[in-house]
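These protein sequences, in sequence, are chains S and R. According to the numbering used here, the residues represented by the first sequence are 260 to 597, in order. According to the numbering used here, the residues represented by the second sequence are 186 to 519, in order. Where a beta carbon is used, it is the ideal one built from N, C-alpha and C, also for glycine.
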Amino acid sequence: MTEPLLSVRDLRVSYQVGRNFVHAVDGASFDVPRGSITGLVGESGCGKTTVARALTRVIAENATISGGQIMFDGKDLAKIPEKEMNALRWRDIAFVPQSAMNSLDPVYTVEYQLGEVLRRRGGMNRKQARARSEELFEMVGIDRGRLADYPHQFSGGMRQRVAIALALALDPKLIIADEPVTALDVIVQRQILDQLKELQTRLGISVILVTHDISVVAYICDRTVVMYAGKVAESGTMHQTLTAPSHPYSMGLRNAFPDLQGAASGVLTPIEGAPPNLANPPAGCRFKPRCPFALDICGSEPPVIDVAPGHPVLCHRAKESASLRIEAAKTETWMAPA
Amino acid sequence: MTTPTNTVTTKKPDVLVSVNDAKLHYAVGGAFAAMRGKSTVVKAVDGVSFDIRRGESVGLLGESGCGKTSMGRLLLKLEDITGGSIHFGGEELSKIRRKELKSFRSKAQLIFQNPFDAINPRFSIRQTLAEPLENAGIPKAEREDRIIKSLELVKLPEPAQFLDRYPHQLSGGQLQRVVMARALILQPEFVVADEPVSMLDVSVRAGVLNVFRDVRDRLGLTAIYISHDLALVRYVCERTIVMYLGRIMEDGPTEDIVHEPLHPYTKALVAAVPVPNPDQSHDPLPIGRGAPDPRNPPSGCVFRDRCPAAHARCAAEVPQPRPVGSRLVACHLF
C-alpha cells in the first residue's frame, strides 16, 4: 500500500473559554489515502469541524493545536511555519465551507473572486485566469456566461458548485468539504455529490467530507472516520464501518437512521442521553454514560483495538464487537441504560 | 358557528380539515418595483385541494420553496388565504372572527422547527408551559398539574426537575419535547409539525419522532408533518402529499409513493434520498438540472422544465390531479 496522503496522529485541539480549556479534539488519529473520499462523521460538538479546520490551521482565535502530528506529503502541518502553511492553502489543500455564502464575498462578482485566487495565489495573468475560470465553471457544470454574476444571483446549489470550483482552482491534492450539502434539498444534494465524486475520480484528488449523515457516507465515501466527543470512535473502509460497525456508538447511530429502502415496520431507536460536555468529560470512555454495553472497566481510558486490518476501534469491548452488534440491533438494548 | 359555504366535502363526518383550491400569493419586490411596474407575485400555494380525515397523519413533502410551510400556516390561519377555502371541523377559517380565534387556536397547534427559536430564553420551562394555559383561562390551581402531565406525555423523565430550568440548560432533544408539550397542553385535535427534528442530532432525533408517533396515537390526533425528508415522513405518516412550486404533484399512501412513485417529480425525489446502506445501487437522477424559481414558474405544468417526460401538452395545460389507483397524480402522463 502506498503511503497515505494525510496521516493524522494524536491530534489535540483545545479552545480557551474564560480560564478553562475545552479539549474539542482529544487525540484523533486517522489516515486519508490518496485518491479517496473519507467521511468524517459525527454529531454536533463531536469535534469533526474542528479537526477539518485544524488540518488547514484556520482555527478560531481562542483555539490552539496543542499536540499531535498532521503529516501531509512529508510535512508536519502542525509544526511548519505559518508562511509555509499559507503557501499550501488553496494550492495543496482547499476548503469548501458548509454555507457557500461564507466563502463568497457578496459585493464582488464570482469571476473577480475566482480571478483573485488564480492571480494572487496561482500567479496567473488576467487572460490565463479568465480561461481557467471558464474551465472551472465547465467542470462544475455552470454556464460560463454566469461568471459575471454576483453570489446572490445563484441558487443554493449553484453557489455550492461555485464554492467547489473555487476550491479546485489551483488543482489541490486534498479538498476538505465541511457539510457541503447539508443545507441543500435532496435532489440538489444528490447532484452536488455526484459532481464531487466525478471530479474526485477524474482529477485523482482526495476529499475529506465532514458530515453528520451516514447516508451521505454510504453514497459517496470510500472510508469513514467516526468521531464522538472529541475522539475517533472507529475508522475503516466505508463498508467495514457501516456493515460491521464495531463501536457501540456507531452501532447505535445505524439504528437511529431511517432507511427509505428498509422495512416499513422498522422502528428507529434513539441513543438515550446526549453527548458529554467537553469542558468536563466523563472519565474513561466518553460514550460510557449512553452505552448499553458499559462495564466497570469502561471507567478507565479505552484502548484502540484493531478489529480487522485497518479498522481500529476505541473500545474496551471491541473484541466482542460481533456479538455486541447482534445485541445492538435489538431495540430493547437501547432502552434507558442503567 | 358559521355555515360553511362549501358543503361538498365538509359533509363527510370523518373529515376534520378540508382544503379547497387554496391559494396564498405574496407580492414581492416592494414599492420601487411597483412604481416601475416590476412587482411580481409569488404563488406560494396555488390551487391546492385535499381533505384530512380525523386521526389521519399526512406528510407534506417537498423541497424548499414548494409551499409546504405556507400551506401549513394557512391550515392554522397564521396567514390570510388569498383564494379558495379551508374548513376546519366544518367551519370556514376565513370566517372565524377575532373573538372565536382563541378557541380555534386551542384546537389547532403548531410544533415549531427550531426549538431554540420557538421558546423564549428568559422563560423557565414552567413559565413556557403556563402561558398557553393562562391565555386559555385555565385556573391557576390546575396549571401545575397540567404542566407536569404534558411533560410526562412527551416522556421527559422526572418532569418536576425541569420546571425551574431555562431553555439553555436543556439539550436540543429535551427542548423539542418541551415545544411539543406546549403545543399539546391545551389538548388540540389537530397539530401541524414543521420539520420538528431537522435541528436535532441523529441519535436524539429518533427519540423525538417516537414520542410524536406515540402521543399522536394515544390522543388520536390529526396531524400534518411538514418535511423535505421522505424517510422521516414515511416513519410518521401513512399518507403523503408531494408539493412542487405551490401545487400538489401526487397524493397517496406513503408506502405506495415510496415503492412506486408515479409523478416524474416524485420519482426523482425518491431516487435522490440517500440510504444508509452501502450496498444500495443508485440510478442516475431522472431530473434536469436547475432549481425551481417561484417568481417565474413555467406555464402549464410547473415541473415541466425539469421533467424528463415533458411534452407539448405540458406547456399548454395545467395538469389537474387525477385518481390513479389509490392516489391522485397531477401529470399529463396519467
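Item, Value
"Look up N539/S in the DSSP assignment and say whether it is helix, strand or coil.", "coil"
"Going by C-alpha to C-alpha distance, which of R420/S, M383/S, G415/S and K386/S sits closest to E397/S?", "R420/S"
"Could you tell me if L554/S is buried or exposed, where buried requires 16 or more neighbouring beta carbons within 10 angstroms of its beta carbon?", "exposed"
"Return the CA-CA distance between Q499/S and A567/S, expressed in angstroms with no decimal places.", "9 Å"
"N279/S by DSSP, collapsed to three states: which one?", "strand"
"Going by beta-carbon coordinates alone, are V526/S and V300/S separated by less than 8 Å?", "no"
"Count the other C-beta atoms from every protein chain shown that fall within 10 angstroms of the C-beta of M594/S, then say buried if there are 16 or more, exposed otherwise.", "exposed"
"Does the beta carbon of H506/S sit closer than 8 Å to a beta carbon anywhere in chain R?", "no"
"Let me check understanding here. Comparing Cα to Cα, which of V230/R, V443/R and T225/R lies closest to A207/R?", "V230/R"
"My output table needs one value for L518/R: the three-state DSSP class, helix, strand or coil.", "coil"
"Ends of the alpha helix (DSSP H) at E341/S?", "E341 to L347"
"In whole angstroms, give me the CA-to-CA distance for Q505/R and C516/R.", "7 Å"
"Evaluate L137/R with the Cβ neighbour count: other Cβ atoms within 10 Å of its Cβ, from every protein chain shown; 16 or more gives buried, anything less gives exposed.", "Here chain R has residues from 186 to 519 only, and residue 137/R is not among them."
"Under 8 Å Cβ-Cβ, which residues of chain R neighbour E302/S?", "D386, V387 and S388"
"In angstroms, rounded to a whole number, what distance separates the CA positions of H444/R and L385/R?", "27 Å"
"For the candidate residues T267/R, V377/R, R283/R and I323/R, whose alpha-carbon lies nearest to that of G431/R?", "T267/R"
"Rounded to a whole number of angstroms, what is the C-alpha to C-alpha distance between H448/R and M434/R?", "7 Å"
"Taking V440/S and V475/S to be in contact with their CB atoms under 8 Å, please state how far apart those CB atoms are, rounded to whole angstroms.", "7 Å"
"Checking contacts by CB at 8 Å: is R424/R closer than that to chain S?", "no"
"Considering only the alpha carbon of each residue, which of S362/S, L429/S, I451/S and S465/S lies closest to Y409/S?", "S362/S"
"Tell me which residues share the same chain as R390/R and place their Cβ nearer than 6 Å to its Cβ, disregarding the 5 neighbours each side in the sequence.", "V382"
"Would you verify that the beta carbon of V276/S is, or is not, closer than 8 Å to some beta carbon of chain R?", "no"
"Check H471/S in the structure and name its three-state DSSP category.", "coil"
"Once you ignore the five residues that flank A368/R on each side, which residues in its own chain have a CB closer than 7 Å to its CB?", "Q294, L295, I296 and V376"
"Grouping DSSP H, G and I as helix and E and B as strand, with all else coil, what is Y429/R?", "strand"
"Please classify G357/R as buried or exposed, where buried requires at least 16 neighbouring CB atoms within 10 angstroms.", "buried"
"For a minimum of 4 consecutive residues, which ranges assigned as the alpha helix (DSSP H) are wholly contained in the segment 420-482 of chain S?", "445-462 and 473-479"
"Using 8 Å as the threshold, is the C-beta distance between S412/R and R350/R below it?", "no"
"Among F289/R, R239/R, L394/R and S203/R, which residue has its Cα nearest to the Cα of M365/R?", "L394/R"
"With burial defined as no fewer than 16 other Cβ atoms inside 10 Å of the residue's Cβ, what is the status of E493/S: buried or exposed?", "buried"
"Could you please tell me which residues of the segment 448-463 of chain R, in chain order, have their CB closer than 7 Å to any CB of chain S?", "A453, L454, A457, V458, P459, V460, P461, N462 and P463"
"Rounded to the nearest angstrom, what separates S358/S and S414/S at their Cα positions?", "12 Å"
"Please report the straight-line C-alpha distance between G495/S and E591/S, rounded to a whole angstrom.", "28 Å"
"Determine, for V427/R, whether the minimum Cβ-Cβ distance to residues of chain S falls below 8 Å.", "no"
"List the residues of chain S that Y420/R touches, going by C-beta distances under 7 Å, in chain order.", "P517 and L527"
"Tell me which same chain residues have a C-beta within less than 7 Å of the C-beta of L314/R, skipping the five on either side of it?", "I332, S335, A366, R367 and I370"
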